[in-house]
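Novice: Provided herewith is a single structure, encoded as structure tokens, for subsequent inquiry.
Protein chains: 2
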Amino acid sequence: MPITTIKYYLREGLLPAGRPTAPNQAAYDESHVRRLRLIRALVGVRGLSVGAAKDVLSGVYAHEGDVHQVLGIVLGATTQAADGDGDGNQDQEQCKRLAEVDALLDSLGWEVSDDAPGKAVIARTLDTLSGLGMAYDWHQLVPYAELAGQIATVDLDKIEDLADPLEMAERALVLTVLLEPVLMALRRLAQEHQSAARRGVSPASAP
Amino acid sequence: MPITTIKYYLREGLLPAGRPTAPNQAAYDESHVRRLRLIRALVGVRGLSVGAAKDVLSGVYAHEGDVHQVLGIVLGATTQAADGDGDGNQDQEQCKRLAEVDALLDSLGWEVSDDAPGKAVIARTLDTLSGLGMAYDWHQLVPYAELAGQIATVDLDKIEDLADPLEMAERALVLTVLLEPVLMALRRLAQEHQSAARRGVSPASAP
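So the sequence lines, in the order shown, correspond to chains A and B. Taking the working numbering, the leading residue of the first sequence gets 5, the next gets one more, and so forth. Taking the working numbering, the leading residue of the second sequence gets 5, the next gets one more, and so forth.
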């Protein structure tokens, strides 16, 4: 990590100062390194603002020993929040769709917090699909949800070997964020492969 | 669809004029409707520019009867292309990473076009993970790829009931694009549920 970046994090108050050892020097230890890695994941990888990263960090350090809390704070802070709608009619539609999302989660047996941002994302998409005239309801999301659940299992298995909650949070965040475009790219590559296979043709160069 | 939107598509040359029936009227048929739906998916849902949509449409209509070609053109046009790197060193790294992606695809038995955009996306992410000091190579992507492959199977099954390649392309495009945030939201909800379950806690409201 460039020294200028570390100095930036120090100036912004994201990283506490090290133990002073000389007029222009300070000593940093493993806890600073762990914090730095997490800051890098939040700001550099996830693109959070300094302010948002500070909020996440204070939450993380308030629950330091609690892996589930720490993961929740770190991963929850990084899901795109759905836009709020001020319109009354849209809120009615949104409530209807959120109820569909709850029905989906119940059918899967998934227990999540009431205000988990992902719920609103799914609700809005069901609404968009309906507006496009496609007959789509939550039942059709079940096979996708089951596969997403298996992906989450792979994700969580990958952090099991770490002992420190902060390290777990950093790795979980990096993998969750960085693998999103990879998962979507793999899905499209698989679509290409399978579509050709279904029709008995060889893939050609993209036109 | 608002009449102003249809007139916009006519003016931009995305939609051909209907059969003139009176000085200020024209008749449109089913083929116009199918084309309109596809334009809406490309421009309205996927956000392609008018020029990009025209390219896709001319390719689609050049291969009208061929489902695989049509799907390839429609879905291929909508994958985020990886940024090109002009730097020689980076090209070397990129080649090394692309070889890893090829090794991954070979191990899965997936046949895709040489220049499929998804390959570059995966290559760049492997590079980023390496730059973050995480020991990550293509082998660790195998379980994710297998699950992405199962997602693609669900996707393709959903268009099997359609007879017309243009309708198949429209539905494939809409589902592929609109379900991306849903899949990512489902993954995060599953992470929350499973993380709590692994530690034997109930999920709390997000802090």
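All residues carry an ideal CB built from backbone N, CA and C; glycine is no exception. Note that the coordinates shown come from a computational prediction; the quantities given were computed from them, not determined experimentally.
(1) Counting only beta-carbon atoms, is Arg192(A) nearer than 8 angstroms to chain B?
(2) For the alpha helix (DSSP H) containing Pro185(B), name the first residue and the last one.
(3) Comparing the CB of Ala21(A) with every heavy atom of the ligand NAP, is any distance shorter than 7 angstroms?
(4) Pick helix, strand or coil for Ala3(B), following the three-state DSSP scheme.
(5) Using a Cβ-Cβ distance cut-off of 8 angstroms, determine whether Gln154(A) contacts chain B.
(6) Step through the CB atoms of chain B and report whether any lies within less than 8 angstroms of the CB of Trp114(A).
(7) Please say whether Ala152(B) and Leu187(A) have beta carbons closer to each other than 8 angstroms?
(8) Helix, strand or coil: how does DSSP classify Ala212(B) here?
(9) Rounded to whole angstroms, what is the Cα-Cα separation between Arg23(A) and Leu170(A)?
(10) Can you check whether the CB of Val49(B) is closer than 8 angstroms to the CB of Leu193(B)?
(11) Starting from Arg15(B), trace the alpha helix (DSSP H) both ways and give me its first and last residue.
(12) Reducing DSSP to helix, strand and coil, say where Pro24(B) ends up.
(13) What residue does the alpha helix (DSSP H) around His72(A) start on, and which one ends it?
(14) Quick check: the segment 62-79 of chain A against the segment 160-169 of chain A, are at least 3 beta-carbon pairs closer than 8 angstroms?
(15) How would you label Asp161(B), buried or exposed, when you count the other beta carbons within 10 angstroms and need 16 or more for buried?
(16) Out of Tyr32(A), Ser53(A), Gly55(A), Ala189(A), state which residue places its alpha-carbon closest to the alpha-carbon of Ile155(B).
(17) Determine the direct distance from the alpha carbon of Leu130(A) to that of Trp142(A), and round the result to whole angstroms.
Specialist: To lay it out plainly:
(1) Looking up residue 192(A) in the first sequence gives position 188. Judged by the 8 angstroms Cβ criterion, Arg192(A) is in contact with chain B.
(2) Position 181 of the second sequence, counting from 1, holds the residue named residue 185(B). Run containing Pro185(B): 169-203, per the alpha helix (DSSP H) assignment.
(3) Absence of the ligand NAP is noted for the structure shown, with no ligands found whatsoever.
(4) No information on residue 3(B) is available, as it lies outside the stretch 5 to 211 that chain B covers here.
(5) The residue labelled residue 154(A) in the question sits at position 150 within the first sequence. Yes, Gln154(A) lies at the interface with chain B (some Cβ there is under 8 angstroms from its Cβ).
(6) Mapped onto the first sequence, residue 114(A) falls at position 110. Chain B contact via Cβ: present.
(7) As a first step, residue 187(A) is located in the first sequence; it is residue number 183 there, counting from the start. As a first step, residue 152(B) is located in the second sequence; it is residue number 148 there, counting from the start. Result yes, Cβ atoms of Leu187(A) and Ala152(B) sit closer than 8 angstroms.
(8) With chain B covering 5 to 211 only, the question about residue 212(B) has no answer from this structure.
(9) As a first step, residue 23(A) must be located in the first sequence, where it is residue number 19. As a first step, residue 170(A) must be located in the first sequence, where it is residue number 166. Whole-angstrom Cα-Cα distance: 21 angstroms.
(10) As a working mapping, residue 193(B) is identified with position 189 in the second sequence. As a working mapping, residue 49(B) is identified with position 45 in the second sequence. Cβ distance not < 8 angstroms, so Leu193(B) and Val49(B) don't count as in contact.
(11) Within the second sequence, the letter at position 11 stands for residue 15(B). Note, Arg15(B): alpha helix (DSSP H), 7-15.
(12) Along the second sequence, read from residue 1 onward, the residue named residue 24(B) stands at position 20. Correct three-state label for Pro24(B): strand.
(13) Position 68 of the first sequence, counted from the start, is the residue given in the question as residue 72(A). Note, His72(A): alpha helix (DSSP H), 71-80.
(14) yes
(15) The residue given as residue 161(B) occupies position 157 in the second sequence. The residue is exposed, with fewer than 16 neighbouring Cβ atoms inside 10 Å.
(16) Translated into the one-based positions of the second sequence, residue 155(B) becomes position 151. Among Tyr32(A), Ser53(A), Gly55(A), Ala189(A), the Cα nearest to that of Ile155(B) is on Ala189(A).
(17) For the purposes of this step, residue 142(A) is taken as the residue at position 138 of the first sequence. For the purposes of this step, residue 130(A) is taken as the residue at position 126 of the first sequence. Approximately 8 angstroms between the Cα atoms of the pair.
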